[in-house]
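**Q** I'd like to ask you about the structure that follows.
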Amino acid sequence: FTGKLSSQPIEDSESFHPWSDTFHEQWVWSSEDKSPSVYLCLNNKVACFYIDPVIESTGTAGVRGTKAFSHGQHYWEVKLSSVFGTSMMIGVGTKEALLQTADFEFVDLIGRDDQSWGLSYKGKVWHNGQYRSYCEPFYDSTVIGVLLDMDAGTLSYFKNGRSLGLAFTGLCNKASELYPIISSTSTLSEIELCDSTCRYVSLQDQCRMTITKLVGKDQIDYLPLPRGICQSLKGI
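Using our numbering, the first residue of the sequence shown is number 139, and each one after it goes up by one.
Take a look at the structure:
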């Protein structure tokens, strides 16, 4: 299915270094697109879940970021100070993605339907109600990086600066815009947005990627293009 779970082996690469041609993006957690059980603080960079001193967690709550991504490459990090409970998740989703479950429904919310893609702290990635093991479980004071490439339609994760590998492919076939999303079932849990950056692919590179998506590499030499460009396309 589109937006499928990637079967690519998990990478054990060096630490991720933001691109040299990147710039910071200005977005926070949305005060409008969230569950009533989510409280935002510190200029909406910290999401607190189920903070009522009397009523404990009654289900699963989520919140979207304020910015939708339609193209380019986007990287952001969130910090999970304490990790516990049935589910805490980080991912992306459409405007229609669920942000709240019914009462006493404690589930992995992000990726429960076909509108979102998520990673749980237990190391599983979810989409359209399907999951697979992806990495080792998280522990306290973990920083999770999210790399969303809207041009390639891929989603990858990082844990404390190290790549966990490709998690999903085919996202751009499913949605034209995607938002960052987090969710939790845990009383008094917090997820903090630490940093967010992006870079945009040049028009030339966008054209090259489009051609290689439509034409197989064995057919590139038959295109009415200069030989140098054909060689460049075959090297993508």
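Think of the CB as a built atom: it goes at the ideal place given N, C-alpha and C, for glycine as much as any other residue.
By how many angstroms is the C-alpha of Leu-218 removed from the C-alpha of Asn-182?
**A** Taking the straight line from one Cα to the other gives about 15 Å.
**Q** For Gly-283 and Leu-352, what's the separation of their Cα atoms in angstroms?
**A** Whole-angstrom Cα-Cα distance: 31 Å.
**Q** Hey, how far is the Cα of Leu-178 from the Cα of Ala-185?
**A** Leu-178 and Ala-185: Cα-Cα distance of roughly 5 Å.
**Q** Exposed or buried, which one is Thr-348 when buried takes at least 16 other CB atoms within 10 Å?
**A** Under this definition Thr-348 is an exposed residue.
**Q** If we call anything under 8 Å between Cβ atoms a contact, is Leu-304 one with Trp-255?
**A** Cβ atoms of Leu-304 and Trp-255: not closer than 8 Å.
**Q** Tell me, to the nearest whole angstrom, how far the beta carbon of Val-216 is from that of Leu-293; I am working on the premise that it is less than 8 Å.
**A** In fact, because the Cβ distance is near 14 Å, the residues do not count as touching under 8 Å.
**Q** Just reading off the beta strand (DSSP E) that Ile-228 is part of, what are its end residues?
**A** Segment 226-231, the beta strand (DSSP E) holding Ile-228.
**Q** By how many angstroms is the C-alpha of Gln-211 removed from the C-alpha of Gln-369?
**A** Each residue's alpha carbon lies about 25 Å from the other.
**Q** In the DSSP assignment, find the alpha helix (DSSP H) that holds Ser-370 and state where it starts and stops.
**A** That run of the alpha helix (DSSP H) goes 365-372.
**Q** DSSP three-state label for Tyr-317, please.
**A** Looking at Tyr-317 - three-state DSSP - the assignment turns out to be strand.
**Q** Roughly how many whole angstroms lie between the Cα atoms of Ser-380 and Thr-325?
**A** It is not possible to answer for residue 380, since the shown part of the chain is limited to 139 through 374.
**Q** Could you check whether Trp-165 and Gly-197 sit closer than 8 Å to each other, using their CB atoms as the reference points?
**A** Against a cut-off of 8 Å, the Cβ pair of Trp-165 and Gly-197 comes out as no contact.
**Q** Under the assumption that Thr-335 contacts Thr-224 (Cβ atoms under 8 Å), give the Cβ distance between them as a whole number of angstroms.
**A** Between Thr-224 and Thr-335 the Cβ distance is about 32 Å, and since that is not below 8 Å, they are no contact.
**Q** What are the boundary residues of the alpha helix (DSSP H) that includes Lys-312?
**A** Where Lys-312 is concerned, the enclosing alpha helix (DSSP H) stretches over 309-312.
**Q** Give a yes or no on whether the C-beta atoms belonging to Trp-214 and Leu-331 are separated by under 8 Å.
**A** Against a cut-off of 8 Å, the Cβ pair of Leu-331 and Trp-214 comes out as a contact.
**Q** Could you tell me which of Asp-356, Arg-250, Val-281 sits nearest to Asp-333, measuring between CA atoms?
**A** If we check each option's Cα against that of Asp-333, Val-281 comes out closest.
**Q** With distances taken Cα to Cα, identify the nearest neighbour of Glu-163 among Phe-187, Ala-206, Ile-248, Val-192.
**A** Of Phe-187, Ala-206, Ile-248, Val-192, the residue nearest in Cα terms is Ala-206.
**Q** Give me whichever residues DSSP pairs with Val-216 in a beta bridge.
**A** The partner list for Val-216 (beta bridge, DSSP) reads Ile-282, Leu-331.
**Q** Can you tell me whether DSSP reads Tyr-259 as helix, strand or coil?
**A** Three-state DSSP puts Tyr-259 in coil, outside helix and strand.
**Q** Enumerate in chain order the residues of its own chain whose CB-to-CB distance from Ser-173 is below 7 Å, with the five nearest sequence positions on each side excluded.
**A** Closer than 7 Å at the Cβ level, and outside the excluded window around Ser-173, lie Ala-199, Gly-200, Val-201, Leu-237, Gln-238.
**Q** Identify, in the order they occur along the chain, each residue of the same chain with its Cβ nearer than 7 Å to the Cβ of Ile-320, setting aside the five sequence neighbours on each side.
**A** Correct list, in chain order: Ala-185, Gly-200, Val-201, Val-216, Met-227, Ile-228, Ile-329.
**Q** Per DSSP, which one or two residues make a beta bridge with Lys-355?
**A** Partner(s): none; Lys-355 has no beta bridge.
**Q** I'd like to know whether the C-beta of Gly-291 is nearer than 8 Å to at least one C-beta of chain D.
**A** Among the protein chains of the structure shown there is no chain D, as only one such chain exists.
**Q** Which residues bound the beta strand (DSSP E) around Lys-172?
**A** Unbroken beta strand (DSSP E) run through Lys-172: 167-172.
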